[in-house]
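In UniProt numbering, the protein residues as written are 1 to 438.
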């Protein structure tokens, strides 16, 4: 599952002037950009730090030192003062938050990502949210809880939530042929319905590498559909799950046609306004969007460079939404608890059966599986040039973990599972071994 749920997140490089401080209280978490503690000084002797320090003698000395200092700072989670950064946390969970934060710090430090955000909901409420690093490295603008990041395929979760509400309101029929709403789409070898698009079993091809992020501006969903609407299906609808941004691009267009409203309007009317997701919008590079992060990529030697310009409105409903960890966590929490989703909750997470009586892995944009300890997980990873993130939920334990970042996310790793560990009961075998050692 790591290939589907993975992503990158990194607390950004610390500013040039750092204050070294020691405190007597454990009451507050530190600001990772502006302070580190005396107790953290022992980390200088850690072999990881030494390796980074020795490596810093090369041309990349400044970058290596920044990463080493970053890890040092993020491990100094004791003897702390009131944070100067935009951080929210509940004191009763401070021990678990420290552990989760430490896991995120190691992951972020080794991936050279300028900035990101992390958030956790537990037992139906937000217990931790923080923006860390830089939203803009050139201007040294810090990332905050309100910074907006590209979230890639996580956009499909938002789109599907709107889709479910349109079904509930009778605006759409999930079993009707999409030509009912968009007659210009050619007939195919099988009938394509909104439901098949939502489950990504419509048989539509995946985009070629050059086609997924084409250059160009002011390209809407309908114009972008022309890239594949005349192509034959790669497989009969309903027989195989083939994730493709084309599924949700077409679904977004069908939603627009059925409602006579554009996708940004649908997103705000059916989701962000109702749930008060104040930092979730469709990206538009032609306008100023408050608190929007800059976008970065890593070159072949892991140096941070500016991402190539893309106008993602052409993929608005599949990967073109800006958001952050706090909004994603609140959204996940709402999917588990909010009365607003009470009529669609069970249906959203219901899997379907495809060819050979095989149960599909994904349901309405969500990847549903059991972790190595048998716990049910709902989740999704997103990656797009200049950003990405992950969202996982443990419904049995009422736990939601989210993160976002402003560099092209990895598809092979994510910190959200290790961040979740402090909030989950230890497996029985591990508990028994611990007791025996005592």
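Positions of the beta carbon are idealized from the N, C-alpha and C atoms, including for glycine.
In this structure residue 384 does not touch residue 267 by the C-beta definition: roughly 17 angstroms separates them, more than the 8 angstroms allowed. Excluding sequence positions up to five before and after residue 306, its CB lies within less than 8 angstroms of the CB of 294, 295, 296 and 297, all in the same chain and listed in chain order. Between the alpha carbons of residue 173 and residue 144 lies a gap of roughly 40 angstroms.
Put simply, of 137, 162, 108 and 90 the residue whose alpha carbon is nearest the alpha carbon of residue 127 is 90. In this chain, the beta strand (DSSP E) harbouring residue 368 covers 366-370. Apart from sequence neighbours up to five positions away, the residues of its chain that approach residue 257 with a beta-carbon distance below 8 angstroms are 181 and 182, ordered along the chain. Using a 10 angstroms sphere on the CB of residue 161, the tally of other CB atoms reaches 16 or more, which defines it as buried. Taking all protein chains in view, the Cβ of residue 194 is crowded by 16 or more other Cβ atoms within 10 Å, so the residue is classified as buried. The beta carbon of residue 218 is closer than 8 angstroms to those of 286, 311 and 313 in its chain, skipping five residues each way along the sequence. The segment 355-373 makes contact with the segment 235-246, as at least three CB pairs between them are under 8 angstroms. The segment 398-407 makes contact with the segment 108-121; the number of CB pairs closer than 8 angstroms reaches 3 or more. In this structure, the beta-carbon distance from residue 198 to residue 163 falls below 9 angstroms. Looking at 246, 273, 263 and 222, the one whose alpha-carbon comes closest to that of residue 233 is 246. Secondary structure at residue 295: coil, using DSSP grouped into helix, strand and coil. Distance from the CA of residue 427 to the CA of residue 394, rounded to the nearest whole angstrom, comes to 15 angstroms.
One Cα belongs to residue 336, the other to residue 365, and the distance between them is close to 15 angstroms.
Straight-line measurement puts the Cα of residue 202 at about 45 angstroms from the Cα of residue 139.
By the neighbour-count criterion, in which 16 or more other beta carbons inside 10 Å mark a residue as buried, residue 302 falls on the exposed side.
Here DSSP, grouped into helix, strand and coil, assigns residue 314 to helix. Rounded to the nearest whole angstrom, the C-alpha separation of residue 280 and residue 224 is 22 angstroms.
With 16 or more other Cβ atoms inside 10 Å of its own Cβ, residue 98 counts as buried.
Between the alpha carbons of residue 263 and residue 249 lies a gap of roughly 10 angstroms.
According to the DSSP assignment, residue 381 belongs to the beta strand (DSSP E) that extends over 376-384. Residue pairing by DSSP places residue 148 opposite 292 in a beta bridge. In the structure shown, the three-state DSSP call for residue 248 is helix. Burial is judged here by how many other beta carbons sit within 10 angstroms of a residue's own beta carbon; residue 277 has at least 16 and is buried.
In the DSSP assignment, residue 129 is bridged to 88 and 119.
Between residue 123 and residue 93, the alpha-carbon positions lie close to 12 angstroms from each other. For the pair residue 151 and residue 321, the CB atoms are nearer than the 9 angstroms cut-off. The beta carbons of residue 168 and residue 351 sit about 20 angstroms from each other, so the pair does not count as a contact at 8 angstroms.
Closest by C-alpha distance to residue 318, out of 339, 282 and 334, is 282.
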